[in-house]
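Peer 1: Quick note: the numbering used here has the sequence shown finishing at residue 322, numbered continuously throughout. We put the beta carbon where it would ideally sit given N, CA and C, even for glycine.
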Amino acid sequence: MTPENTHAQGGPGFFRDASVSLPVAIVLIVATLLVLLGLLLFPVNMGSIPFSPDGQLGLLMVIMAIQMMALGETPVGTYTRSWLLILVGTVFAALGVVSCIVPGILTDLLRILLGLLNIVGGGVLLAGRFLPVLPGGGGLTAGPVPPVLKRLLVTQTVLNVVAIAFGITMLVPGLVSGMVIAGVVVVNGLLLFALAGILLKIQQSYPETD
113 MTPENTHAQG GPGFFRDASV SLPVAIVLIV ATLLVLLGLL LFPVNMGSIP
163 FSPDGQLGLL MVIMAIQMMA LGETPVGTYT RSWLLILVGT VFAALGVVSC
213 IVPGILTDLL RILLGLLNIV GGGVLLAGRF LPVLPGGGGL TAGPVPPVLK
263 RLLVTQTVLN VVAIAFGITM LVPGLVSGMV IAGVVVVNGL LLFALAGILL
313 KIQQSYPETD
């Protein structure tokens with residue numbers, strides 16, 4: 113161990129080792145981006161600042177790509193980080209970057225893609241959690257569950273419902289006001305912050321899960 117590493121782990125205050133796992137760090141990044149995006153959408157809908165729908169869609173695609181490539185997380189569940197998954201994540205990232213830089217080309221494609229992924233992903237994860245007939249299903253009904261795991265399951269369930277709601281707003285523009293969409297995005301981000309906190313508690317209580 114080098115002196116630099118020793119200083120980083122044993123330093124005071126903010127210089128101390130955070131002991132945050134990669135999954136939690138990614139969740140915190142995504143939560144920060146979503147809360148910031150949602151908060152910016154409020155003045156956008158009031159006409160106070162300019163807005164690029166393509167930039168929003170591109171950012172959401174890049175976020176999804178980061179989750180896929182770093183953690184193997186997809187809208188329909190978590191999988192091994194195979195070369196196929198990395199390839200799909202790379203394509204998503206490329207689509208997001210192009211959308212951010214060249215507006216108007218991929219707007220409808222990304223809107224429909226994000227809408228379908230959120231609806232299908234949220235629905236599949238909800239079904240897998242509540243229907244014991246599905247592989248890995250029945251997560252909320254399988255015997256006594258520790259309080260921290262109950263909070264985890266409830267938070268994940270609410271996140272899935274929010275994802276479905278957001279997907280519907282993507283597929284049906286104008287169904288709800290822009291203010292409502294901004295609120296949904298902020299709530300999504302805040303739920304992810306809550307999820308990160310729960311994951312930290314689980315890692316502290318069950319170190320073998322790290």
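Which of helix, strand or coil does DSSP assign to Thr190?
Peer 2: Start at 1 with the first residue of the sequence shown, and residue 190 comes out as number 78. DSSP places Thr190 in strand when its eight states are reduced to three.
Peer 1: I'd like the span of the alpha helix (DSSP H) that includes Gly301, first residue to last.
Peer 2: Start at 1 with the first residue of the sequence shown, and residue 301 comes out as number 189. DSSP places Gly301 in the uninterrupted alpha helix (DSSP H) bounded by 290-317.
Peer 1: Mind reading off the beta-carbon distance from Ile231 to Ile175? Whole number of angstroms is fine, and I expect it under 8 Å.
Peer 2: For the purposes of this step, residue 231 is taken as residue 119 along the sequence shown, with counting starting at 1. For the purposes of this step, residue 175 is taken as residue 63 along the sequence shown, with counting starting at 1. At roughly 17 Å, the Cβ-Cβ gap does not stay under 8 Å, so Ile231 and Ile175 are not in contact.
Peer 1: For Val139, which of Gln316, Ser317, Asn300 has the nearest alpha-carbon?
Peer 2: Against the sequence shown, residue 139 aligns to sequence position 27. Answer by Cα proximity: Asn300.
Peer 1: State the CB to CB distance for the pair Val210 and Leu218, rounded to an integer number of angstroms; the pair is presumed to be in contact (CB under 8 Å).
Peer 2: Here residue 210 refers to the residue found at position 98 of the sequence shown. Here residue 218 refers to the residue found at position 106 of the sequence shown. About 6 Å separates the beta carbon of Val210 from that of Leu218, a gap short enough to meet the 8 Å contact definition.
Peer 1: Go through its chain and collect everything with a Cβ distance to Val136's Cβ below 8 Å, but skip five positions before and after it.
Peer 2: Mapped onto the sequence shown, residue 136 falls at position 24. If we look at Val136 and ignore the five residues flanking it on each side, its Cβ neighbours are Ala308, Leu311, Leu312, Gln315.
Peer 1: Using alpha carbons as the reference points, say which of Phe163, Leu226, Ser317, Ala275 lies closest to Pro259.
Peer 2: Position 147 of the sequence shown, counted from the first residue, corresponds to residue 259. For Pro259, the nearest C-alpha among the options comes from Ser317.
Peer 1: My guess is that Val296 and Val274 are in contact by the Cβ rule of under 8 Å, so how many angstroms apart are they, rounded?
Peer 2: On the sequence shown, residue 296 is found 184 positions in, with the first residue counted as 1. On the sequence shown, residue 274 is found 162 positions in, with the first residue counted as 1. Correct: roughly 6 Å between the Cβ atoms.
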